[in-house]
Amino acid sequence: MHANRYHIPQLQPLPPSILVNRPAALSSFYPFNAVDVYYYYLARNALWNGIDLLGLSPGDEVLMPAYHHGVEVETLLRKGLKLRYYRIGADLQVDFDHLREILTERTRCLYAIHYFGFPQSNEKLSAFARQHQLLYIEDCALALLSGSEEQPLGMAGDLSIFCLYKTLPVPHGGLLVMNRSVGRRPAFPDPPDLLSTASCLGHRLLDNVGLISGTWPYRITQEFSAVARAVKHRLGRPQAQVDSDLLQEDLLPVGISQLTRHILRRLDLEAVKTRRQENYRLLSSLLEGVVERVFPELLGDVCPLFFPVCVEDKAKVHRELNTRGVESVYFWSKKHPDVPVDMFPEVNRLRDHLLELPIHQGMSRAHVEYVAEKVREVV
Ligand SMILES: Cc1ncc(COP(=O)(O)O)c(C=O)c1O
142 MHANRYHIPQ
152 LQPLPPSILV
162 NRPAALSSFY
172 PFNAVDVYYY
182 YLARNALWNG
192 IDLLGLSPGD
202 EVLMPAYHHG
212 VEVETLLRKG
222 LKLRYYRIGA
232 DLQVDFDHLR
242 EILTERTRCL
252 YAIHYFGFPQ
262 SNEKLSAFAR
272 QHQLLYIEDC
282 ALALLSGSEE
292 QPLGMAGDLS
302 IFCLYKTLPV
312 PHGGLLVMNR
322 SVGRRPAFPD
332 PPDLLSTASC
342 LGHRLLDNVG
352 LISGTWPYRI
362 TQEFSAVARA
372 VKHRLGRPQA
382 QVDSDLLQED
392 LLPVGISQLT
402 RHILRRLDLE
412 AVKTRRQENY
422 RLLSSLLEGV
432 VERVFPELLG
442 DVCPLFFPVC
452 VEDKAKVHRE
462 LNTRGVESVY
472 FWSKKHPDVP
482 VDMFPEVNRL
492 RDHLLELPIH
502 QGMSRAHVEY
512 VAEKVREVV
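Residue numbering for the sequence shown follows the numbering used here, starting at 142 and increasing by one per position.
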């Protein structure tokens, strides 16, 4: 096994110093300063609770992108909604011709996803929704702090959802923003399980070790985590999983912890965004001519979540990067059984070949160079 200089996690670890930082003005940043914003354990909880407020009912049709995570699909299906899938092009943009083709008189809602922080055209999506009298749900689970030329993402939908733990070093967290006034509030959420919050926090703290000192110390932290998980399991404590593609229904009414709020108030969000943009641009320049970059340029006000690349053998590259100490995101390979198998060859190609590399704010220039070096070795 390789002894690596670093082990770079896909998500940003939590630097312990943040826990004792002075509180900052979270309320000057969208979506935290939105008028109707509600805090949950996960983004799927936000969606689950928001659907009821929008007044969608079982049997209503929703236009859903064929390229999706899977858990947002599960959430809508469990609400009894009927999903009609529309094409996403190789450029990860909505295919409006296909949207028009699949509209029926039962269609009530349009759902769109901003992939890795890169915006869809909200102007066109909102106009389409208005023209056909549809509600518009903006999924910003991968696009916290991101914006188009015009405005932050999440402002155009009747409802928008955000995932906090993907972009920020928090143990969990999702937001629901209601842009349409419905005159009702969601039910008050249940408190999260303390032990699950503590173990996610521990995980985020331990991830610093790999960033600083490479394979072996990182391996020790992994053993430690495995023991903690086994003890928790033996104690019969609930597993309130984060970053999972399984929909845990018992978790859907759960809110955010005080600990997560404590961390959120101590983050410098402007610096988070700037560092992500710098890391993205640096990695893009280092990988020019090495691998197919999906978005070589970072335009406008985009806050990138990952650096997406297209590779021939995704499983192999993912595995080999991991043995070299670079975690990449493999999640979206699975096809949801609700989606017609052969209808979306472009999306299947994305699922089979698109791999996301880390560019998070915990990474220094040296880490980004390390990722580029390892990609060069592997592809
Ligand atoms: C597009 C999209 N929507 C929603 C979600 C759900 O986010 P969460 O894990 O916070 O429930 C995810 C999760 O990865 C996602 O990728």
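Where is the CB? At the ideal position from N, CA and C, for every residue including glycine.
Say yes only if the C-beta of A367 is nearer than 7 Å to one or more non-hydrogen atoms of ligand 1, and no if none qualify.
Taking the sequence shown and counting its residues from 1, one reaches residue 367 at position 226. No - ligand 1 has no heavy atom lying nearer than 7 Å to the Cβ of A367.
Rank A282, A369 and D201 by C-alpha distance to the C-alpha of L276 and give the top, closest one.
Along the sequence shown, read from residue 1 onward, the residue named residue 276 stands at position 135. Residue D201 is the option with its Cα nearest to L276.
Are the beta-carbon atoms belonging to H501 and R422 less than 8 Å from one another?
As a working note, residue 501 is residue 360 in the sequence shown. As a working note, residue 422 is residue 281 in the sequence shown. No; because the gap between Cβ atoms is not below 8 Å, this pair is not in contact.
Taking its Cβ as the centre, do 16 or more other Cβ atoms sit within 10 Å of K414, making it buried, or is it exposed?
Residue mapping note: residue 414 aligns to position 273 of the sequence shown, counting from 1. Classification for K414: buried.
Going by C-alpha to C-alpha distance, which of A369, Q363 and D479 sits closest to G211?
By 1-based counting over the sequence shown, the position of residue 211 is 70. Cα-wise, what sits closest to G211 is D479.
Return the CA-CA distance between N420 and E497, expressed in angstroms with no decimal places.
Stepping through the sequence shown from its first residue, residue 420 is reached at position 279. Stepping through the sequence shown from its first residue, residue 497 is reached at position 356. Roughly 14 Å separates the two Cα atoms.
Give me, in chain order, the residues of the same chain whose beta-carbon lies closer than 8 Å to that of K475; leave out the 5 immediate sequence neighbours on both sides.
Here the question's residue 475 lines up with position 334 in the sequence shown. If we look at K475 and ignore the five residues flanking it on each side, its Cβ neighbours are G211, D386 and R492.
Nearest to V161 by CA position, among D483, R406, F436 and G430, is which residue?
By 1-based counting over the sequence shown, the position of residue 161 is 20. Among D483, R406, F436 and G430, the Cα nearest to that of V161 is on R406.
Who does T248 pair with in a DSSP beta bridge?
Working through the sequence shown from its first residue, we reach residue 248 at position 107. T248 is bridged to E202.
May I ask which residues mark the beginning and end of the alpha helix (DSSP H) holding G315?
In the sequence shown, the residue the question calls residue 315 occupies position 174. Premise fails: G315 lies in the beta strand (DSSP E), G315 to M319, not in any alpha helix (DSSP H).
DSSP state of K223, grouped into three classes?
Numbered from 1 along the sequence shown, position 82 holds the residue referred to as residue 223. Looking at K223 - three-state DSSP - the assignment turns out to be strand.
Quick check on the DSSP output: the alpha helix (DSSP H) that includes F436 runs from which residue to which?
The residue given as residue 436 occupies position 295 in the sequence shown. F436 -> no alpha helix (DSSP H), and no H or E assigned at all.
Per-residue DSSP class, three states only, for S102
Because the chain is modelled from 142 through 520, residue 102 falls outside the range shown and cannot be assessed.
Please list, in chain order, all residues of the same chain as V431 whose beta carbon is under 8 Å from its beta carbon, the five residues on each side excluded.
Along the sequence shown, one-based indexing puts residue 431 at 290. If we look at V431 and ignore the five residues flanking it on each side, its Cβ neighbours are A513, V516, R517 and V520.
Considering only DSSP beta bridges, list what Y300 is partnered with.
Against the sequence shown, residue 300 aligns to sequence position 159. Here residue 300 is Leu; the residue named in the question, Tyr, does not match the sequence. Answer is I278 and M319.
What's the call for P154, buried or exposed, on a 16-neighbour Cβ count within 10 Å?
Within the sequence shown, residue 154 is the residue found at index 13, counting from 1. So P154 ends up on the buried side.
Cα-Cα, which of E213, E246 and M319 is closest to L300?
As a working note, residue 300 is residue 159 in the sequence shown. When only C-alpha atoms are compared, the closest one is M319.
Validate contact between the segment 283-291 and the segment 440-447 using beta carbons, cut 8 Å, 3 pairs
yes
Neighbour-count burial assignment, A381, 16 or more Cβ in a 10 Å radius
Position 240 of the sequence shown, counted from the start, is the residue given in the question as residue 381. A381 should be labelled buried.
Measure the CB-CB distance between S340 and A371 and report whether it falls below 8 Å.
For the purposes of this step, residue 340 is identified with residue 199 of the sequence shown, where counting begins at 1. For the purposes of this step, residue 371 is identified with residue 230 of the sequence shown, where counting begins at 1. Not a contact, by the Cβ cut-off of 8 Å.
Taking Cβ positions, are T216 and L195 nearer each other than 8 Å?
By one-based count along the sequence shown, residue 216 stands at place 75. By one-based count along the sequence shown, residue 195 stands at place 54. Their beta carbons are not under 8 Å apart, which means T216 does not touch L195 by this criterion.
So, at 8 Å on beta carbons, what are the nonlocal neighbours of D236 in its own chain, with the 5 sequence-adjacent residues on each side left out?
Position 95 of the sequence shown holds residue 236. Correct list, in chain order: Y227, R228, I229 and G230.
Does the pairing of the segment 173-192 with the segment 257-267 give three or more beta-carbon distances under 8 Å?
no
Do L410 and R378 have their C-beta atoms within less than 8 Å of each other?
Sequence index remark: in the sequence shown, residue 410 carries index 269 (1-based). Sequence index remark: in the sequence shown, residue 378 carries index 237 (1-based). Going by C-beta atoms, L410 is not nearer than 8 Å to R378.
Contacting residues, own chain, Cβ-Cβ under 7 Å from P164 (five flanking each side not counted):
Within the sequence shown, residue 164 is the residue found at index 23, counting from 1. Excluding positions up to five away in sequence, the list reads R406 and R407.
Helix, strand or coil at G258 according to DSSP, with G and I counted as helix:
Your numbering for residue 258 matches position 117 in the sequence shown. Of the three classes helix, strand and coil, the one that applies to G258 here is helix, per DSSP.
Buried or exposed: Q399, going by 16 or more other Cβ atoms within 10 Å of its Cβ?
The sequence position of residue 399 within the sequence shown is 258, counting from 1. Per the 10 Å Cβ criterion, exposed.
What first and last residue would you give for the alpha helix (DSSP H) that runs through C341?
One-based indexing of the sequence shown puts residue 341 at position 200. Note, C341: alpha helix (DSSP H), L335 to S354.
So is the beta-carbon of L212 under 7 Å away from any non-hydrogen atom of ligand 1?
Here the question's residue 212 lines up with position 71 in the sequence shown. It should be pointed out that residue 212 corresponds to Val in this sequence rather than to Leu. Yes.
Can you tell me whether L197 is buried or exposed, with buried defined as 16 or more other CB within 10 angstroms of its CB?
Taking the first residue of the sequence shown as 1, we reach residue 197 at position 56. Per the 10 Å Cβ criterion, buried.
Close beta carbons around E433, own chain, < 7 Å, minus the five adjacent residues each side
For the purposes of this step, residue 433 is identified with residue 292 of the sequence shown, where counting begins at 1. Closer than 7 Å at the Cβ level, and outside the excluded window around E433, lie V450 and C451.
Here's the rule: buried if 16 or more other CB atoms are within 10 angstroms of the residue's CB, otherwise exposed. What is F485?
In the sequence shown, residue 485 corresponds to position 344, counting from 1. Buried.
Would you identify the three-state DSSP class for D236, choosing helix, strand or coil?
To locate residue 236, count along the sequence shown from 1; it is residue 95. Coil, per DSSP.
My output table needs one value for I397: the three-state DSSP class, helix, strand or coil.
Taking the first residue of the sequence shown as position 1, residue 397 is located at position 256. In this structure, I397 counts as coil in the three-state DSSP scheme.
Would you kindly report the start and end of the unbroken beta strand (DSSP E) that includes P527?
The structure shown has nothing for residue 527, since the chain only spans 142 to 520.
Among the residues of its own chain, which have a CB less than 7 Å from the CB of G298, if the five just before and after it don't count?
Numbered from 1 along the sequence shown, position 157 holds the residue referred to as residue 298. The answer, listed in chain order, is Y277, I278, E279 and N320.
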